[in-house]
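Shown next, in structure tokens, is the structure this report addresses.
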Ligand code: ADP
Ligand code: MN
Ligand code: MN
Ligand code: MN
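In the numbering used here, the protein residues as written are 275 to 614.
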């Protein structure tokens, strides 16, 4: 028997963006626990905007477990929040995702690292560093500073150790801005892993006195500094194996029809980012285009060359979007289109 430190992690009830919360449960196990071995737990929902004070118990139901590289016998336990009667809490968007083991998602998370109220590398007394140009995929102190590389590389190691299917990282267009990508098979897999990856980044940066700024346009919309997105690449078995131009066009018509419903869950303040500038389409329009980074949905060349089969990239979700809500909405819209 060994003492395992189980970090139960969940999303709170803050609007429009939930915060990650976590608390540690120490339990004895012979080996690294499976999901089935992890008990339900509870917390005080009145402290997380998930309950009233007089009836404050909420239930944590483990839904995924990952090794925690930072501890001996540590585990990161992603949880759904349930009501005392076992039904999903209203804040629990994960419960609304259609179960589909053949749905694949790839999320590209962009974010800024902030220190002392400004992006890493911005002058402290106000003002701006040299304009955008060399920062994207850049190297060297003048482009990425001195601690960002250590943070993003360590984050990658922590994610890989946890078994998160982290696919890559890159320095982004703005100074202090970075990206990582996560891919997962199964309708909830990539979204679970994205929340754990966000958790690991937030926890890691504590020791540097650095905050992660997930806002989609942290420098405002009047300056020539890029915002942050979380492009959502998706495919279903039908899209990958059957596809076809007719199905694709029907699917895009459904995305057009439900454009407002999509934008509603694609992250707050997206009007600041989806302006038609900086490789975006404006928020009130829906369009798609082959290899078009100014479109709402980018259709990879490979998709067309393959007989309209493969994956599509919805470029509208922003960096603060909840991958659970995004995956849920994408699959809901896909489900409205007959596959014959
Ligand atoms: P870009 O920055 O050019 O948009 P990235 O390489 O950052 O490209 O992201 C592409 C994303 O597409 C990755 O997250 C990858 O996992 C995802 N992806 C690739 N193939 C599929 C697929 N069949 N279904 C869903 N997502 C996919
Ligand atoms: Mn990318
Ligand atoms: Mn990017
Ligand atoms: Mn992309």
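Note that the Cβ used here is the ideal one computed from N, Cα and C, for glycine as well. If you're wondering where the values come from, they're calculated on a predicted model, not measured in any experiment.
What's the call for residue 580, buried or exposed, on a 16-neighbour Cβ count within 10 Å?
exposed
According to DSSP, residues forming a beta bridge with residue 395
Answer is none; residue 395 lacks a bridge partner.
Label residue 434 either buried or exposed according to how many other C-beta atoms from any shown protein chain fall within 10 Å of its C-beta, with 16 as the threshold for buried.
exposed
For the stretch 317 to 324 and the stretch 339 to 352, state whether three or more C-beta atom pairs, one from each stretch, are separated by less than 8 Å.
no
Which runs of the beta strand (DSSP E) at least 3 residues long sit entirely within the stretch 383 to 463? Give them in chain order.
440 to 445, 451 to 459
Is residue 512 near ligand 1, going by C-beta to nearest heavy atom under 8 Å?
no
Supposed close pair residue 540, residue 592 - CB separation, criterion 8 Å:
6 Å
Can you give me the start and stop residues for the alpha helix (DSSP H) that residue 598 sits inside?
597 to 609
What does DSSP give as the partner residues of residue 506 in its beta bridges?
381, 588
Starting from the C-beta of residue 419, find all residues in its chain whose C-beta is less than 7 Å away, skip the five residues before and the five after it, and write them out in chain order.
394, 395
Bridge partner(s) assigned by DSSP for residue 285:
294
Quick check: residue 508 and residue 530, are their CB atoms within less than 9 Å of each other?
no
Let's test the definition: count the other Cβ atoms within 10 Å of the Cβ of residue 496 and tell me whether it reaches 16, buried, or not, exposed.
exposed
Let me check you understand the geometry: is the CB of residue 507 closer than 8 Å to at least one non-hydrogen atom of ligand 5?
Of the ligands this structure carries, namely ligand 1, ligand 2, ligand 3 and ligand 4, none is ligand 5.
When DSSP builds the beta bridges, which residues end up paired with residue 336?
353
CA-CA distance, residue 421 and residue 327?
42 Å
In the DSSP output, what is residue 563 paired with across the bridge?
572
Since residue 347 is in the alpha helix (DSSP H), which residue starts that stretch and which ends it?
That residue, residue 347, is in no alpha helix (DSSP H); it is neither H nor E in DSSP.
Please list, following the chain, all residues that have a C-beta closer than 6 Å to any non-hydrogen atom of ligand 3.
382, 384, 446, 453
Rounding to the nearest angstrom, what Cα-Cα distance links residue 536 and residue 542 in this structure?
12 Å
For residue 614, does the count of other Cβ atoms within 10 angstroms reach 16, so buried, or fall short, so exposed?
exposed
Just checking residue 587 against ligand 4 - is the residue's beta carbon closer than 8 Å to any of the ligand's heavy atoms?
yes
Is there at least one non-hydrogen atom of ligand 4 closer than 8 Å to the beta-carbon of residue 572?
yes
Using a threshold of 9 Å, state whether the C-beta atoms of residue 502 and residue 384 are closer than that.
yes
Look up residue 486 in the DSSP assignment and say whether it is helix, strand or coil.
strand
Any 3 or more C-beta pairs closer than 8 Å across the stretch 452 to 459 and the stretch 365 to 380:
yes
From 604, 600, 594, pick the residue whose C-alpha is nearest to that of residue 289; which is it?
594
Which residue comes first and which comes last in the beta strand (DSSP E) that contains residue 306?
Careful: residue 306 lies outside any beta strand (DSSP E) and carries neither H nor E.
Between 335, 291, 362, 498, which lies nearest to residue 547 when the distance is taken from Cα to Cα?
498
Any non-hydrogen atom of ligand 1 within 8 Å of residue 457 CB
yes
Member of 479, 449, 358, 348 whose CA lies at the smallest distance from the CA of residue 329
358
Is it the case that the CB of residue 317 approaches a heavy atom of ligand 1 more closely than 8 Å?
no
Ends of the beta strand (DSSP E) at residue 318?
315 to 318
Where does residue 602 land, buried or exposed, given buried means 16+ other C-beta within 10 angstroms?
buried
Apply the 10 Å Cβ neighbour rule to residue 398 and answer buried if 16 or more other Cβ atoms are within range, or exposed otherwise.
exposed
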